[in-house]
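S.K.: Please find one structure pasted underneath; my questions will follow.
Residue numbers (the numbering used here): 7 to 216.
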């Protein structure tokens with residue numbers, strides 16, 4: 007996949023080591039996929055608590071209509087409070103992150119890695135390091151370039167052979183890569199969305215495709 011120098015980093019690029027790399031900058035004010043994931047976790051937690059308390063009340067003989075109504079009201083109140091708190095927490099996190107979530111992705115035939123970059127590392131620095139790694143600049147990656155690419159606040163790697171479901175969301179530039187105990191998130195620009203999704207479909211042989 008040939009790229010102009012200014013496209014390196016922004017576009018999915020095949021580097022000299024045979025791995026595809028790209029950087030994606032999520033605008034947290036316009037792309038709410040992270041907030042939706044937080045709400046989903048809260049929702050699952052509430053459902054588990056409802057089931058747990060229902061079982062307890064059932065075995066103690068206290069599962070009545072009044073109890074069910076009370077749990078319903080409590081659930082609505084809890085959901086409302088958690089929704090407000092999650093939005094406040096999300097906005098606070100977005101603000102201290104500069105309203106951007108910068109991620110470096112590394113993908114080959116065996117795995118895909120989501121590597122969140124620290125706020126101190128600018129997107130331009132990552133792109134510069136990727137340009138050298140892709141072999142489009144003279145010399146070899148130096149200590150600075152290698153250091154930038156190795157930095158991360160958190161990292162998640164999905165083994166493609168173990169992926170169980172792929173869920174594309176083109177509107178959010180997002181492909182959900184789900185395994186049993188991990189939910190990876192792959193962001194990619196419009197121009198390369200189909201390429202990355204098709205690549206994952208080809209190599210995630212066990213995955214259900216949405």
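The beta carbon of each residue, even a glycine, is placed where N, CA and C say it ideally should be.
1) What does the Cβ neighbour count give for residue 37, buried or exposed, with the cut at 16 atoms within 10 Å?
2) Just curious, the alpha helix (DSSP H) that residue 113 is in, first and last residue?
3) Use the C-beta contact count for residue 164: other C-beta atoms within 10 angstroms, 16 or more gives buried, fewer gives exposed.
4) Less than 8 Å between the beta carbons of residue 44 and residue 103, yes or no?
5) DSSP state of residue 89, grouped into three classes?
6) Counting C-beta neighbours from all protein chains within 10 Å, is the total for residue 191 16 or more, i.e. buried, or is it exposed?
7) Within 10 angstroms of its Cβ, does residue 94 collect 16 or more other Cβ (buried), or is it exposed?
8) DSSP three-state label for residue 162, please.
9) Taking DSSP's pairing of strands, which residues face residue 28 in a bridge?
10) Counting only the same chain and skipping the five closest in sequence on each side, list residues whose C-beta sits under 8 Å from that of residue 73.
M.R.: The structure says:
1) buried
2) Looking at the DSSP string, residue 113 is not in any alpha helix (DSSP H); the run it does join, the beta strand (DSSP E), is 106-113.
3) Buried is the call here.
4) no
5) helix
6) buried
7) exposed
8) strand
9) 111
10) 63
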